[in-house]
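Take the sequence shown: its letters are residues 912 to 1116, numbered as in this note's numbering.
Just so you know, even glycine gets a beta-carbon here, dropped at the ideal spot from N, CA and C.
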Amino acid sequence: MVKQKKSLSTEQKILETARKVFLTRGMVGARMQDIADEAGINKAMLHYYFRDKDKLFETVFLEEAQKFFPKIKMIFESEQPLEEKVRRFVDEYINEMLENPYLPWFVMNEINRDPDRFMQKIWSKKEAPDPSNFLAQVEKEVRKGTIKKISPLHLLMNLLSMTIFPFIARPMILRNLHLDEMQFRAAMEQRKKEIPAFLMAAIRK
């Protein structure tokens, strides 16, 4: 029993260390030796727990995804007003991407490689964020006449793309706009207000 507790503790220490290394150096820049050194173990022990960097990164991602996506599910399924729902969605997504800026690249690569397998690994059918309530809510607001006649699907895609794209295009934005990391983070914090304000201004009558 003592041995099992020790093993679990070592594995969790590796995961916590790997998350920090991936955060500061990215998936490409991080090396297994770096993670072993930071965790205070030898490389052989690291490979005992995780056979390669891809497997380790996947495990780190899945741990984070299992904490993050239920929050999005709750937002979609809540009975809050549409504007509040949009605001909370943007806030949660940007917070997550600021804490884990390399996750969007990992998601894009995995979805392109094998989307069905990737989605099955992230969540079960019960855990998957279901936007149907959000889409129905938009349609209801259109019928009530409180917002313009818009496509709920396109509103959702606009919401997703405006929130996620800056993190996908982060290297280009930093380079072409001559921003440093602090300036980028400040801009993303501002987007928490800008995106909901822009979208709601576009659809209000």
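Who pairs with Ile1058 in a beta bridge, going by DSSP?
On the sequence shown, position 147 is the one that residue 1058 refers to. Secondary-structure assignment with DSSP links Ile1058 through a beta bridge to Arg1115.
Suppose the cutoff is 7 Å on Cβ atoms and the five residues either side in sequence are ignored; what does the same chain contact list for Glu1007 look like?
Residue mapping note: residue 1007 aligns to position 96 of the sequence shown, counting from 1. The answer, listed in chain order, is Phe979.
Going by CA-CA distance only, name the one from Val997, Asn1020, Leu1110 that's closest to Val939.
What you label residue 939 is simply residue 28 of the sequence shown in a count that begins at 1. Answer by Cα proximity: Asn1020.
Beta-carbon spacing of Glu975, Leu1014 below 9 Å
Taking the sequence shown and counting its residues from 1, one reaches residue 975 at position 64. Taking the sequence shown and counting its residues from 1, one reaches residue 1014 at position 103. It is a contact, given that the beta carbons lie within the stated cut-off.
Backbone secondary structure at Phe858 - three-state DSSP:
With the chain covering 912 to 1116 only, the question about residue 858 has no answer from this structure.
Is the beta carbon of Glu988 less than 9 Å from the beta carbon of Asp1041?
Indexing the sequence shown from 1 puts residue 988 at position 77. Indexing the sequence shown from 1 puts residue 1041 at position 130. Yes, Cβ-Cβ distance for Glu988 and Asp1041 is below 9 Å.
Contact defined as beta carbons within less than 8 Å: I believe Ile1114 pairs with Lys1055. What is the distance between those atoms, to the nearest angstrom?
Against the sequence shown, residue 1114 aligns to sequence position 203. Against the sequence shown, residue 1055 aligns to sequence position 144. Between Ile1114 and Lys1055, the beta carbon gap of about 13 Å keeps them out of contact (Cβ cut-off 8 Å).
Quick one: Cα of Asp945 to Cα of Val932, how far?
Start at 1 with the first residue of the sequence shown, and residue 945 comes out as number 34. Start at 1 with the first residue of the sequence shown, and residue 932 comes out as number 21. The straight-line gap from Cα to Cα measures roughly 8 Å.
Rounded straight-line distance, which links the Cα of Phe972 to that of Ala1112
Start at 1 with the first residue of the sequence shown, and residue 1112 comes out as number 201. Start at 1 with the first residue of the sequence shown, and residue 972 comes out as number 61. So the two alpha carbons sit approximately 35 Å from each other.
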